[in-house]
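Only one structure is covered here, and it is reproduced in the block below.
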Amino acid sequence: MLLLRLSLRNLLRQKRRNILLGSAMAIGVAILITANSFSHGISDIMFNKIMRYVTGHVAVRFNERGGVMREIFRDRQRVWDAVKGEPLIEEADEAIGTFSRAIGNGRSDNIMLIGVDTRKTLSAKAIKELEESFRMAEGKWEDLRRTDVENPVIVAEEKARYLNVKRGDIIRVRFRSMFGQDQAARLTVVGISRNDNIFMQGVVFLDRDRAKDLLGFRPWETGSINITIKDPQKNARALADRIHSRLRPGTAIIYASAGGRPAQVLGFRTDDANKEKLKGVMKLSSGSWDKVLRKDGVVLPAALARQLGVSAGGKIRLAYPRKFETAPREAVLTVTAVCASGCPGPAAVLLNDAGFYDLYYEDMPAGPAAGARTFSAEGPWAELLAPEWVLLNRTNNTDDYKKKYQDIAKNKWKGTTIDVSTMYETASDILKMEGVLNLITVSAVLVLFFIILLGVVNTLRMTIRERTREIGTVRAIGMQRRDVRNMFLLETLLLTLFSSAAGLLLGFAVMKGLALITFHPHDNPLGMLLVNGHLYFLPTFSGVAGSVLLIVLIAVGTAWFPARRAAQLSPAKALGHFG
Amino acid sequence: MNIIEIKGLKKDYPLGATIVPALRGVDLEVGEGDFMSIIGPSGSGKTTLLNIIGCIDFATSGLVSVGGREITALNDRQITDIRLNKIGFIFQTFNLIPVLDVLENIEFPLLLMKRSAAEARKRAEKLVEEVGLKEYAAHRPAELSGGQRQRVAIARALVTNPDIVLADEPTANLDSVTGASILELMRRMNEIEKTTFIFSTHDANVLKYARRIVKIKDGLIEKEPVAA
Ligand SMILES: Nc1ncnc2c1ncn2[C@@H]1O[C@H](COP(=O)(O)OP(=O)(O)OP(=O)(O)O)[C@@H](O)[C@H]1O
Ligand SMILES: [Mg+2]
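Here the protein sequences come in this chain order: A and B. To convert, count from 1 in the first sequence and add 25; that's my numbering. To convert, count from 1 in the second sequence and add 721; that's my numbering.
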C-alpha cells in the first residue's frame with residue numbers, strides 16, 4: 026500500500042516525461058492490437074470465409090474409377106455416417122459444382138455452376154458469414170427454391186453484367202454430366218449477388234439438389250464433402266484422421282442369385298501385382314487366364330458350375346435386390362472359366378473388378394437376405410478381392426498430397442477412391458499468407474520492444490538520477506533494497522497499465538477508423554482480404570490480453586535492471602549526491 | 722550502559738589513485754540518553770563519523786557497536802533493519818519525501834515497520850502535535866519553511882522510538898533563531914522520550930544546547946572538555 030501510494034504519486038510528479046513515455050507505449054499497444062486483430066481478421070477470412078466455400082477445412086473427396094472429375098459416391102448414407110456426430114463440425118456440405126459454357130443475352134462466357142443447400146437451417150453465425158461474403162444485390166437466397174421458374178439461379182454481379190442478363194432472364198448452359206455426357210439446361214436468373222471473395226466472382230448459384238440432378242446424381246448419391254469446423258488450425262488434422270479411420274472399406278459383396286441359386290458375386294483385383302498372386306491361389310479347370318483377366322465375364326466355382334450345368338463359354342443369369350430401388354438388378358454374363366480349387370467360397374462368383382464395379386456402383390446391392398449365409402474373405406483372398414472402395418492414405422502436406430494423386434493416376438484404381446484431406450494439403454498457398462501476417466505482428470512487437478526498451482531505460486535513469494537523494498533518504502530511514510527496487514518496478518508497471526488502457530482505446534478507435542475506409546476489391550489483388558470492401562479486424566480477448574501482457578512483461582523486464590541498480594546504491598553515497 | 726562503542730575506527734575514502742583518510746583512529750563511547758554534539762571544522766570527519774554510527778557507511782577498520790551489536794558482521798538486510806528500528810536521522814537538508822504530506826512523512830518509518838495504518842496514524846498525530854505542526858499536517862514539504870521541515874524531520878526520526886537520533890548539522894540551513902528553536906525542540910524531545918541525540922555542527926553558537934561536546938579535527942577526536 027505504501028509502495029503503491031509512493032509509486033502513484035511519483036508517477037504524477039514527472040508528468041511530462043511519463044506522459045511522453047506513456048504515449049509511446051499507448052501507441053505501441055494500439056499498433057500491436059491493430060496488427061493482431063488484422064492478422065486475426067485475415068485468418069478468419071481465410072479459414073471461415075474463403076476456405077469454407079472453396080475447400081472446407083476438412084474434405085472427403087471421392088473419385089469414381091480413377092476419374093478425377095467424377096466426384097461421386099454411390100451410397101450417401103454410408104459416408105455421411107462417418108462424418109456425422111462430430112461435435113467440432115460447424116457445417117458439412119456436398120461440394121457440387123461444374124464448369125459450364127453459358128450464353129446470356131448475346132454474350133457467352135464460362136461460368137462455375139455451384140450447388141448450395143437451401144433447405145437446411147443455418148446457424149445465426151453461418152447466416153451472418155454468408156451475408157458478409159455474398160451480399161444480395163437483387164433477389165434473395167430463398168428464391169433458389171422457387172418452383173414457378175425453370176432452374177432458378179443467383180448470378181454473381183460481374184458475371185451478370187458480362188452475360189448481359191437481368192433478373193428474370195434466361196441463361197442457357199452446356200456442361201458435362203458426372204458421367205461425361207454433354208448436357209444442356211436453361212437457368213432462370215432470380216437474383217444477383219455481390220461476392221467479395223475473389224474465388225466467387227464468376228459463380229452462378231443453383232439449388233444443390235437441382236444441381237445434382239442436372240449433373241446426373243441420383244438422390245442416394247453424394248458428391249465430395251466439404252467440412253468446416255471450429256478452430257480449424259487446431260482440429261483439422263485430428264478430425265480428418267478420425268473420419269479416415271471410420272472409412273476403412275470391407276470386401277465388396279453382391280448377394281445374388283446365380284441361375285436361381287444363392288451366390289456371392291465378388292470382384293477380383295486386376296492390377297499387375299494382384300494378377301500374379303491370383304494365378305498362384307486359384308486353379309482353373311476350364312477356360313483360360315487370358316480370358317478371365319481380360320474380359321468381362323464370371324468365374325464359377327466347380328460345384329456351382331456343375332449344379333447349373335454350365336462350363337466356360339456358357340452364360341448365367343445373375344439377379345440381386347438393389348439397396349435403393351425396388352426392382353432387382355439382373356444381368357446375363359458369360360462364364361469365362363471354372364475354378365477347380367482355391368476359390369474364395371463354394372458359392373463365390375468372381376468377376377474382374379472393372380466389370381464388378383460397373384454393377385456394384387450402378388446398382389448398389391442390398392445386404393444378404395435374412396438368414397442367408399454371409400461371406401467373408403479368408404486367407405489370400407482378403408487382399409485379392411475388390412474392396413468396397415479404396416481408402417487413400419492420409420497425407421500431411423501439399424507435396425505428399427500431390428504425390429498421392431500421381432500414384433492414383435498410375436494405379437488406375439477401378440474402385441472409387443476416398444480421400445480425407447485437410448486445408449493443409451489442399452490450400453497450402455492460402456495458408457502461407459498466415460506466415461506473412463505473423464511476420465507483420467512480429468515486426469510490430471519488435472519495434473515496440475525497442476521503443477519501450479529505450480523509453481523505459483532512459484526515463485528510469487533520469488528519474489533515478491533526480492531522486493538519488495530520496496533513495497538515500499528512504500534507505501537511511503530503513504527501507505529495504507527490495508522495496509526500493511519494487512517501488513520503481515511498480516511505477517513502471519502502473520505507467521504501462523495506464524498506457525495499455527489508453528492504447529486499447531486508441532487501438533479500437535484506429536480499427537474503427539480504418540474499417541470505415543471503402544476499397545474497391547475488384548481492381549485490387551488483395552481484395553480477398555476485405556469484407557464488403559472494408560478492412561476487417563477481429564480482436565480476440567486472448568490477442569488483446571496477450572498484447573497487454575507482452576508490453577507489461579517487456580516494460581517491467583526492462584525496468585528491472587535500472588531499478589535494481591537504484592536499490593543497490595549505497596545510502597551514504599546516495600545521500601551525499603548533492604550535499 | 723553505553724549505547725555506542727567505537728574503538729580504533731579508521732575510514733579511508735579512495736579518491737582516484739590516492740586515499741583520503743577521513744577518520745584516523747577514533748575511540749568513542751556514548752551513553753544512553755545523552756545529548757551530544759560533535760564539533761569540528763569543515764572536512765574534519767563529522768559526517769563520516771555520524772554515517773558510520775548510523776550504519777549507512779562502514780568502517781575501513783576498527784570496531785563499531787551500536788545498541789550492543791557489532792555492525793560489521795551484519796548483512797545489508799539486517800543493517801537496514803537496525804536503521805529502521807534503532808536509529809533516527811535528521812539531515813542538514815531535511816530530506817523529506819516530497820510526494821508525501823507532513824503526516825505521511827512522519828508515519829513513513831512506521832509503515833516500513835509494518836505497523837498497522839491506524840496505529841501509525843495515531844503515533845504520527847501525537848508527534849506532529851509535539852513538534853507543533855498540527856495545522857500543517859496535510860501540507861506537502863514544499864509548502865513549509867525550512868524550520869517547519871526540520872521539525873517534520875525530527876518527528877519522523879522520533880516516531881519509531883529509536884535508541885539513537887543522529888543529526889548532521891541540523892541547523893546549518895536555518896537562520897539562527899530557527900536553528901535555536903530546532904535545538905530546543907531536540908533537547909525537549911531528548912528529555913521527553915529519553916532518546917540519545919548526537920548532532921554535529923561547526924557553529925559554536927549551538928554548543929550551549931549540548932550536554933556533552935566532542936571535538937573532532939583531521940579525523941581524530943580531541944581531548945574532551947568537561948560538559949557544559
Ligand atoms: N565519498 C568521499 N570520497 C572521498 N573523500 C571523501 C568522501 N566523503 C568525505 N571525504 C573526505 O573525508 C573527509 C571528511 O569528510 P566529512 O564529510 O566527514 O567532513 P565534515 O566534517 O562532515 O565536513 P563538513 O563540515 O564540510 O560537512 C574530507 O576530507 C572529505 O574530503
Ligand atoms: Mg559534513
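Cβ coordinates follow ideal geometry from the N, Cα and C atoms, glycine included.
Cβ atoms of residue j and residue i: under 8 Å apart, would you say?
i      : j      : result
A:W605 : A:R354 : With chain A running from 26 to 604 in the structure shown, residue 605 of chain A is simply not present.
A:V499 : A:A591 : no
A:S62  : A:L541 : no
A:F242 : A:L169 : no
A:I268 : A:V83  : yes
A:S125 : A:V198 : yes
A:G248 : A:A434 : no
B:M757 : B:I919 : yes
B:A841 : B:L832 : yes
A:V178 : A:T213 : yes
A:L375 : A:V323 : yes
A:R99  : A:Y386 : yes
When every heavy atom of ligand 2 is checked, does at least one fall within less than 7 Å of the C-beta of residue i?
i      : result
B:E890 : yes
B:K731 : no
B:T922 : no
B:T768 : yes
In or out: residue i buried (at least 16 other Cβ within 10 Å) or exposed?
i      : result
B:S782 : exposed
A:I136 : buried
B:A948 : Low confidence applies to B:A948: its pLDDT is 49, below 50, so where it sits in the model is not reliable enough to give any reading.
A:H545 : exposed
A:G604 : Its pLDDT being 36, under 50, A:G604 is placed unreliably in this model, and the value from its coordinates should be taken loosely. A:G604 is exposed by the Cβ-count criterion.
B:K807 : buried
A:N377 : buried
A:D388 : buried
A:I67  : buried
A:E491 : exposed
A:V54  : buried
A:E516 : buried
B:N911 : buried
A:R233 : buried
B:F810 : buried
B:I951 : Only positions 722 to 949 of chain B appear in the structure, and residue 951 of chain B is not among them; the question remains open.
B:D889 : buried
B:F812 : buried
A:K153 : exposed
B:Y734 : exposed
A:I217 : buried
Can you tell me whether residue i sits near ligand 1, meaning its C-beta is under 7 Å from at least one heavy atom of the ligand?
i      : result
B:S763 : yes
B:A743 : yes
B:L895 : no
A:G601 : yes
B:L928 : no
A:G503 : no
B:L736 : yes
Would you kindly report the start and end of the unbroken alpha helix (DSSP H) that includes residue i?
i      : result
A:E182 : 182-188
A:R319 : 314-319
A:C161 : One point to set straight first is that residue 161 of chain A is Met, not Cys, in the sequence displayed. From DSSP, A:M161 is part of no alpha helix (DSSP H) but of the beta strand (DSSP E) over 159-163.
A:N260 : 257-270
A:M504 : A:M504 -> no alpha helix (DSSP H), and no H or E assigned at all.
A:E387 : 378-387
Under 8 Å by Cβ, that's how I've got residue i and residue j pegged, so tell me the actual separation to the nearest angstrom.
i      : j      : result
A:A60  : A:A469 : 4 Å
A:P393 : A:Y280 : 4 Å
A:I250 : A:L264 : Rounded, the Cβ-Cβ distance is 12 Å, inconsistent with contact.
A:L291 : A:A407 : About 12 Å separates the two Cβ atoms, so there is no contact after all.
A:R201 : A:T123 : 7 Å
A:A379 : A:T361 : At roughly 13 Å, the Cβ-Cβ gap does not stay under 8 Å, so A:A379 and A:T361 are not in contact.
Name the two residues that bound the continuous beta strand (DSSP E) containing residue i.
i      : result
A:S567 : Here A:S567 belongs to no beta strand (DSSP E); instead the alpha helix (DSSP H) covers 566-593.
B:L736 : 723-736
A:G140 : 133-141
A:R342 : 340-345
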